[in-house]
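Undergrad: Below are the structure tokens for one structure; questions will follow.
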Amino acid sequence: MNMMSEAAVEKALDKSMSDAGLKMIGKDVSVYYGEKRALFDVNLNVRKNTVTALIGPSGCGKSTFLRTLNRMNDTIDGCRVTGKITLDNADIYDPSVDVVELRARVGMVFQKPNPFPKSIYENIAYGPRIHGLAKTKSDMDRIVESSLQRAGLWNEAKDRLQEPGTGLSGGQQQRLCIARAVAVSPEVILMDEPCSALDPIATAKVEELIHELRTNFTIVIVTHSMQQAARVSQRTAMFHLGNLVEENDTDKMFTNPDDQRTQDYIMGRFG
Amino acid sequence: MSVTASSDLNVGVPAINWQSDDMKSRRKRRYAADRRLQAYGLVAIIFALGFLAILISSLIYTGNSAFTQSVAKIEIDLSTGGIDRTKLADADWRGVVRGALRAQLPGLSRSDERKYFEMFTSSGQFILRDAVVADPSRLDRKSTFVIPLADPFDQLAKGQVSRDTPEAQRRVTDKQIGMFDQLVSKGIVSRPFNWALFFNADSRFPELAGLAGAISGSFWSLLVCFVISFPVGIAAAIYLEEFAPKNKLTDLIEVNINNLAAVPSVVFGLLGLAVFLGWFGMPRSAPIVGGLVLSLMTLPTLIIVTRVSLKSVPSSIREAALGVGASKHEAIFHHILPLAMPTIMTGAIISLARALGESAPLLLIGMNAFITSPPDGVFEASTALPTQIFMWADSPERGFVARTSAAILVLLGFLVLMNGIAIFLRQRFERRW
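Chain order of the listed sequences is Y and L. When the letters of the first sequence are read in order and numbered with my numbering, they come out as residues 15 to 285. When the letters of the second sequence are read in order and numbered with my numbering, they come out as residues 341 to 773.
Structure representation (structure tokens):
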């Protein structure tokens with residue numbers, strides 16, 4: 015009975031979230047690396063307080079799409095983006111957009127844990143410091159603590175805040191990177207295969223964390239693991255050869271996909 | 341299905357006998373090739389080390405005698421002499437020295453006495469004067485003054501002039517040898533460590549010549565070189581590596597920087613001569629010009645080293661910084677540059693060590709002048725260590741042979757020290773990814 019009601023609550027939450035507004039809208043997004051075209055007119059929306067998983071075989075353009083959402087592609091020479099991507103209805107590729115502000119609002123967690131070779135405290139304090147989010151030392155301490163709490167790392171790290179972040183285990187490092195992203199209070203968090211370098215236990219912890227983060231943040235996650243997509247996401251988008259094949263509710267996607275290619279990929283027939 | 345397919349493929353392939361003679365001898369040949377490669381490497385290393393050992397030992401063999409200098413310690417009582425305290429600089433110090441020397445070997449004929457005075461450095465009067473000016477209390481008491489022996493007698497004391505050589509073929513006469521032996525038997529000749537080698541500037545007389553001018557000249561030049569090439573090199577490298585668009589122009593710049601690194605240093609000397617001395621009218625022989633020329637020579641190497649070390653910082657760090665909303669310059673100055681710094685410092689020190697040993701460009705801008713006092717700053721005329729070696733190697737006096745080797749040893753010492761610092765920095769701070 016209790017279980018049922020919990021599931022019912024979850025379902026209600028999912029429903030309300032899926033009805034919620036669109037946080038980011040991608041319209042006819044194409045990406046070129048020099049002459050090579052990596053994405054073909056992708057139309058994909060990101061819903062507020064929802065975990066959207068991007069799946070597909072290697073080289074299908076899912077990471078490329080992810081990196082267009084906070085303009086990380088800007089750093090790659092010869093990379094060109096066409097189409098339109100909006101964050102809260104404002105075009106993020108508009109020349110007037112400040113990319114520093116954009117990346118503060120759309121944070122990112124990378125495939126390989128990449129903490130700065132500094133202390134745990136400094137890793138988290140860096141973002142708030144450059145953006146001037148903390149006026150005093152105690153403000154900063156609070157941000158560091160709450161970020162670590164949110165990333166589920168506080169209990170493990172509270173006694174070693176001054177030790178180097180690189181001294182943590184792989185899973186802890188990745189949660190530190192999540193805490194670092196959370197520290198600047200982004201609205202959207204992009205995750206590029208965040209668990210691909212982690213063992214199953216660390217992966218489980220990060221997945222649990224993604225689940226909790228969903229209440230406060232909008233999350234887009236690229237993953238190679240179908241099971242992970244099924245576990246953590248409410249919406250799933252399937253990419254193939256630079257095209258968006260299908261975007262659907264995760265439940266539907268993994269039980270009764272609309273597209274044959276999705277079916278084949280999920281069944282492991284290619285990829 | 342795939343299993344049957346692969347077994348189909350094996351049809352007709354004979355079973356491999358790993359123990360057959362053919363196989364065994366084949367493996368043997370492969371191992372032999374391994375061993376030969378090792379042997380070649382070992383021979384190459386022994387060859388290189390052997391020559392290094394020959395170089396160092398021959399330098400030590402010829403140079404070690406320059407680290408001591410024969411001197412006469414003579415007691416002089418200045419309280420009895422009529423030295424005018426108000427005019428110390430103009431007093432008759434020459435007379436005082438000669439009187440004191442005369443007292444050691446009295447009763448020589450006039451021509452013998454001249455021969456006798458030749459045994460001591462001709463600058464004895466200045467040594468006396470400087471010692472008294474430094475410590476005027478010497479005027480009131482009997483004190484010991486140290487007067488270096490002239491070069492031929494220093495050689496005699498060190499056994500580098502053989503007494504068996506016929507008199508006509510050596511610079512010291514039999515009579516002078518007799519007088520020398522008398523002084524030795526009186527116990528006033530000794531051979532202490534040659535501090536003058538480090539604290540005197542250049543001189544025409546080997547017994548007085550030292551490296552102080554050359555060392556401070558090299559120091560000032562390297563300081564100028566570092567102050568200019570380090571910031572300029574890092575700034576250029578950061579721009580090229582992080583900001584410059586990739587186009588034909590930056591490709592051209594890159595190729596030319598690599599070419600500049602390979603330009604012979606003498607060409608930079610010619611450039612310095614034409615530009616700094618010719619156009620800008622900067623002082624000849626000055627460390628400022630030497631430093632400018634050396635920094636032109638060092639810059640390309642430093643830019644290349646800096647770019648390589650910036651490149652070696654993993655891009656994940658850059659992404660991490662940009663990902664939390666750092667701007668480009670914040671990502672570079674807060675994260676990438678600090679991580680690249682140990683490697684950059686190592687490269688900078690090694691480039692400076694190379695600049696320290698460079699003589700050709702300095703010869704062209706006149707840092708091989710004969711200058712008898714160390715420079716007090718970058719605008720005063722000076723020599724540098726390698727040019728001093730060049731000059732001494734060219735000098736006819738016997739004493740400069742040993743001093744040339746000694747100066748090379750001093751230069752090598754500085755190079756080893758700088759490379760040691762570079763290795764220390766690398767091991768202490770370098771990060772492995």
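Don't be surprised by glycine CBs; every beta carbon is placed ideally from N, CA and C.
May I ask you to report which of helix, strand or coil DSSP gives Y279/Y?
TA: Reduced to three states, the DSSP call for Y279/Y is helix.
Undergrad: Please report the Cβ distance between L428/L and V473/L, rounded to the nearest whole angstrom; I am assuming they are in contact, meaning their Cβ atoms lie under 8 Å.
TA: With a Cβ gap of about 6 Å, L428/L and V473/L count as contacting.
Undergrad: Would you mind working out which of V606/L, V645/L, I657/L sits nearest V633/L, comparing C-alpha positions?
TA: Among V606/L, V645/L, I657/L, the Cα nearest to that of V633/L belongs to V606/L.
Undergrad: Taking the beta strand (DSSP E) that S483/L belongs to, which residues open and close that run?
TA: 482-488
Undergrad: With H, G and I counted as helix, E and B as strand and the rest as coil, what does DSSP make of N775/L?
TA: The structure shown has nothing for residue 775/L, since chain L only spans 341 to 773.
Undergrad: Taking the straight line between their C-alpha atoms, what separation do you get for L258/Y and I106/Y?
TA: Taking the straight line joining both Cα atoms gives about 21 Å.
Undergrad: Just checking, does the region 490-505 of chain L make contact with the region 736-744 of chain L on the three C-beta pairs under 8 Å criterion?
TA: They touch, by the three-pair rule.
Undergrad: Which value, in whole angstroms, describes the spacing of the CA atoms of V595/L and I574/L?
TA: 18 Å
Undergrad: With 7 Å set as the bound, which would you pick, yes or no: does the beta-carbon of Q274/Y sit closer than that to a beta-carbon of chain L?
TA: Under the Cβ distance rule, Q274/Y does not count among the residues neighbouring chain L, no pair being separated by less than 7 Å.
Undergrad: Does D91/Y have its Cβ less than 7 Å from a Cβ in chain L?
TA: It does; some Cβ of chain L falls within 7 Å.
Undergrad: Quick one: using the 10 Å Cβ neighbour count with 16 as the cut-off for buried, is F539/L buried or exposed?
TA: With fewer than 16 other Cβ atoms within 10 Å, it is exposed.
Undergrad: List, in chain order, every chain A residue whose beta-carbon is nearer than 8 Å to that of V198/Y.
TA: Of the chains in the structure shown, none is chain A; the protein chains are Y and L.
Undergrad: Do three or more CB pairs link the region 635-651 of chain L to the region 568-588 of chain L at distances below 8 Å?
TA: Output reads yes: the region 568-588 of chain L touches the region 635-651 of chain L.
Undergrad: Does chain L have any CB closer than 7 Å to the CB of A118/Y?
TA: yes
Undergrad: Thinking just about the alpha-carbon of each residue, which of S556/L, A440/L, W560/L, S477/L is nearest to the one in G288/L?
TA: Because chain L here runs from 341 to 773, residue 288/L falls outside it and cannot be looked at.
Undergrad: What ranges does the alpha helix (DSSP H) occupy inside the region 505-592 of chain L, keeping only unbroken runs of at least 4 residues that lie completely in it?
TA: Runs found: 514-525, 536-539, 552-578.
Undergrad: I657/L lies in the beta strand (DSSP E); which residues open and close that run?
TA: From DSSP, I657/L is part of no beta strand (DSSP E) but of the alpha helix (DSSP H) over 655-663.
Undergrad: Taking a Cβ distance cut-off of 8 Å, strictly less, list which residues of the region 669-693 of chain L are near chain Y, in chain order.
TA: E670, H674, H675, L679
Undergrad: Work out the CA separation of F545/L and T513/L for me, nearest whole Å.
TA: 19 Å
Undergrad: Could you check what DSSP says for A774/L in three-state terms: helix, strand or coil?
TA: A query on residue 774/L cannot be resolved here, the shown segment of chain L reaching from 341 to 773 and no further.
Undergrad: Tell me the rounded alpha-carbon separation between R510/L and V501/L.
TA: The alpha-carbon atoms of R510/L and V501/L are separated by roughly 8 Å.
Undergrad: Please give the ranges of any beta strand (DSSP E) in the region 105-167 of chain Y, keeping only runs that are unbroken, at least 3 residues long and fully inside the region.
TA: 120-123
Undergrad: Of the residues that make up the region 131-151 of chain Y, which ones have a beta carbon closer than 7 Å to any beta carbon in chain L?
TA: P131, Y140, G141, I144, H145
Undergrad: Within 10 Å of its beta-carbon, does G121/Y have 16 or more other beta-carbons around it, so buried, or fewer, so exposed?
TA: Around the Cβ of G121/Y, a 10 Å sphere holds 16 or more other Cβ atoms; the residue is buried.
Undergrad: Name the residue from K76/Y, G48/Y, D55/Y whose alpha carbon lies nearest to the alpha carbon of V236/Y.
TA: Of the listed residues, the one whose Cα sits closest to V236/Y is K76/Y.
Undergrad: Say whether the region 182-200 of chain Y touches the region 160-171 of chain Y, bearing in mind that this needs 3 or more beta-carbon pairs closer than 8 Å, one atom from each stretch.
TA: yes
Undergrad: Write down the C-beta distance between G73/Y and N59/Y rounded to the nearest angstrom, noting that I regard them as a contact closer than 8 Å.
TA: Actually they do not touch by this definition, with Cβ atoms about 24 Å apart.
Undergrad: Where do the ends of the beta strand (DSSP E) carrying S44/Y lie?
TA: Run containing S44/Y: 36-47, per the beta strand (DSSP E) assignment.
Undergrad: Is E226/Y helix, strand or coil when you go by DSSP?
TA: helix
Undergrad: Between which residues of its own chain and D452/L is the CB-CB distance below 7 Å, once the five residues before and five after are set aside?
TA: K515
Undergrad: Starting from L755/L, trace the alpha helix (DSSP H) in both directions and tell me its first and last residue.
TA: For L755/L, the enclosing alpha helix (DSSP H) has its first and last residue at 739-769.
Undergrad: Is the Cβ of D591/L closer than 7 Å to any Cβ of chain Y?
TA: no
Undergrad: For the region 229-243 of chain Y and the region 44-51 of chain Y, state whether three or more C-beta atom pairs, one from each stretch, are separated by less than 8 Å.
TA: At 8 Å Cβ cutoff, the stretches do not touch.
Undergrad: Taking the alpha-carbon of R442/L as reference, which of A431/L, T426/L, M459/L, D430/L has the nearest alpha-carbon?
TA: M459/L
Undergrad: What do you get for Y279/Y, buried or exposed, if any count of 16 or more other CB atoms within 10 angstroms of its CB means buried?
TA: buried
Undergrad: Please determine, among T66/Y, L36/Y, V43/Y, the residue with the shortest C-alpha to C-alpha distance to A244/Y.
TA: T66/Y
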